[in-house]
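Residue numbers (this note's numbering), protein chains in the order written: chain G, 1 to 309; chain Y, 1 to 214. A quick write-up on the structure given underneath.
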């Protein structure tokens, strides 16, 4: 007899069919994937980050492949929050859980995007992208300064009654401190990690590979960094965590759950295979069956200690 | 997009590579590509029987001409033109170029099509010495199809525009996904960024804002 595995879970009060969402910036607005994927079989999607106005992004080249990963500096090209609500959301299947990702360059603009999304029934939760350079703070990412991060979460918390997750930047000294700041300001959950700051050089042309110079590193190359940060954040706060970083298989996802993540997001691997998220979900189910785990929720934080050596 | 077996490719190299289908018929897809780095080298060394991952067809393709046409291919760009050369009626003029004879891929296949074929190589090892666009003399009202180095396609567009011909080009770019979500493959045009993967790869060259540079 095969074990029935209950993959259902809950993240910040949002019921999920399974713990696998697609990460913001890697699944467009969802409809781009519809030709390849039955979207409703996913735990959900986090749509591409939205700004108040449409945004064109950086001049190319803005992606380059790296060892087991890639570096990007797209700079959050998007259609703007109004076009998302008017055109993109209605195109999605009714049973798909949709999180909206919010991104801006100033505090009041972040809060305004949250406010616009607050009354939109189709949006199950908001995810604050805290990796944006803060114009008024001299270009440092919002998520790199605990004081600025606190102001951001406070302003957005006031602007929405929806479940609010904060997507943390990994480009910090203490991820635990940033996690505690968000919890203290009323965030309902954390998503981590965003891309790791990196640089690649084309030595033949003696130029940076990306026109922007710096970029965000993603893919399997960053998985151990992400696991470490989820592990540390989970020990610092009580709010739920959505684990992100190079997940390619069900076993990768299980590692995040064991480190304390309630759910996970598949990102860069969707580029290599639009069905990656579904395959990760099946992989989690296979793992549970193999190890006699009846409910996926039982894996959360269930890392065993090493016996004394 | 052609990649390694999913189990291998999830680590390194990570991304599949955008490829034109050289020739597709019952049960088989044929790809011809140039080895430009580690990923394409690994693909070129696949043993017979290797499992690969293919996602496609993605994006648009060349629309068959409704009249006379000239096809201009340079280097690995020639691979994008074979089926168009095979299926176009009336039979098109086909101009192929490369640095040397070895770069004129699929020459025997093109010769068998019975098209009006001419070749140029930089070193004169095959056909006329010089650029493939030296062979191009567009006729008013015809369609020029070009795939190859950017400078070649821009020259083809300039010659076509001057002669009152249309010019369609197939662009290539680095891309991670091929289906419109990574946004890595944009080209800057007067109408804003366009995605090579889903808006293209074939574009009417007149929309790309090349006139100023040609």
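Built from N, CA and C at the ideal position, the CB exists for glycine as well.
Item, Value
"Please identify the residue among 115/Y, 147/Y and 42/Y whose C-alpha is closest to the C-alpha of residue 98/Y.", "147/Y"
"Determine the chain Y residues that contact residue 32/G at a beta-carbon separation under 9 Å, and present them in chain order.", "177, 179, 180, 181 and 198"
"Can you find a C-beta in chain A that's less than 7 Å from the C-beta of residue 14/Y?", "The displayed structure is made up of protein chains G and Y, and chain A is not among them."
"To test your reading of the DSSP string, which unbroken beta strand (DSSP E) runs of 3 or more residues are found completely within the region 245-272 of chain G?", "263-266"
"Counting only C-beta atoms, is residue 28/G closer than 7 Å to chain Y at any point?", "yes"
"What whole-angstrom Cβ distance do residue 303/G and residue 259/G have, given they're in contact under 8 Å?", "6 Å"
"Under 7 Å between beta-carbons, which chain G residues line up against residue 202/Y? List them in chain order, please.", "Simply none; closest approach about 19 Å."
"What residue does the beta strand (DSSP E) around residue 203/Y start on, and which one ends it?", "202-204"
"Which parts of the region 114-177 of chain G are runs of the beta strand (DSSP E), unbroken and 3 residues or longer, counting only runs that do not cross its ends?", "123-129 and 164-167"
"Measuring alpha carbon to alpha carbon, tell me which of 262/G, 214/G, 156/G and 7/G ends up nearest residue 312/G.", "Residue 312/G lies beyond the range of chain G shown here (1 to 309); nothing can be said about it."
"Output yes if chain Y places a C-beta closer than 7 Å to the C-beta of residue 54/G; else output no.", "no"
"Let me see if you follow: with CB-CB separation under 7 Å, is residue 38/Y close to chain G or not?", "no"
"For residue 9/Y, does the count of other Cβ atoms within 10 angstroms reach 16, so buried, or fall short, so exposed?", "The predicted model places residue 9/Y with a pLDDT of 49, which falls under 50 and marks its position as unreliable, so this point remains unresolved."
"Can you name the residues of chain Y whose CB is closer than 8 Å to the CB of residue 59/G?", "188"
"Could you spell out the range, first to last residue, of the beta strand (DSSP E) harbouring residue 145/Y?", "143-147"
"When you compare only the Cα positions, how much space is there between residue 124/G and residue 225/G?", "28 Å"
"Chain G beta carbons: is any one of them nearer than 7 Å to that of residue 193/Y?", "yes"
"Between which residues of its own chain and residue 295/G is the CB-CB distance below 6 Å, once the five residues before and five after are set aside?", "6"
"Of all the CB atoms in chain Y, is at least one closer than 7 Å to the CB of residue 74/G?", "yes"
"Please report the distance separating the alpha-carbon of residue 206/Y from that of residue 157/Y.", "7 Å"
"Of all Cβ atoms in chain G, is any one closer than 7 Å to the Cβ of residue 93/Y?", "no"
"Spatial neighbours of residue 33/Y within its chain, please: C-beta separation below 7 Å, excluding the five flanking residues on both sides.", "19, 40, 76 and 79"
"Any beta carbon from chain G within less than 7 Å of residue 184/Y's own beta carbon?", "yes"
"Measuring straight from C-alpha to C-alpha, what distance separates residue 71/G and residue 221/G?", "11 Å"
"Grab the span of the alpha helix (DSSP H) containing residue 109/Y for me, first residue to last.", "107-112"
"Could you name the residues of chain G that residue 174/Y contacts, counting a contact when the two beta carbons are closer than 8 Å?", "61, 63, 64 and 65"
"Along the chain, where does the alpha helix (DSSP H) containing residue 230/G start, and where does it finish?", "223-234"
"Please state the DSSP three-state secondary structure of residue 29/Y.", "strand"
"Ignore the nearest five residues each way along the sequence and tell me which others in residue 255/G's own chain have a CB closer than 7 Å to its CB.", "227"
"On a CA-only basis, which of 56/G, 33/G and 28/G is nearest residue 192/Y? Give me that one, please.", "56/G"
"In chain G, what lies closer than 9 Å to residue 86/Y by C-beta?", "Residues of chain G passing the Cβ test: none, with the nearest at roughly 27 Å."
"Round the Cβ separation of residue 113/G and residue 52/G to the nearest angstrom and send it over; I've been treating them as touching at under 8 Å.", "6 Å"
"Drop a sphere of 10 angstroms on the beta-carbon of residue 46/Y, count the other beta-carbons inside from all chains shown, and report buried for 16 or more, exposed for fewer.", "exposed"
"If you drop the 5 nearest sequence neighbours on each side, which residues of the same chain put their C-beta closer than 7 Å to that of residue 88/Y?", "64, 65 and 69"
"Are the C-beta atoms of residue 41/Y and some chain G residue less than 7 Å apart?", "no"
"Please name the residue, chosen from 196/G, 116/G and 28/G, that lies closest to residue 132/G on a Cα-to-Cα basis.", "196/G"
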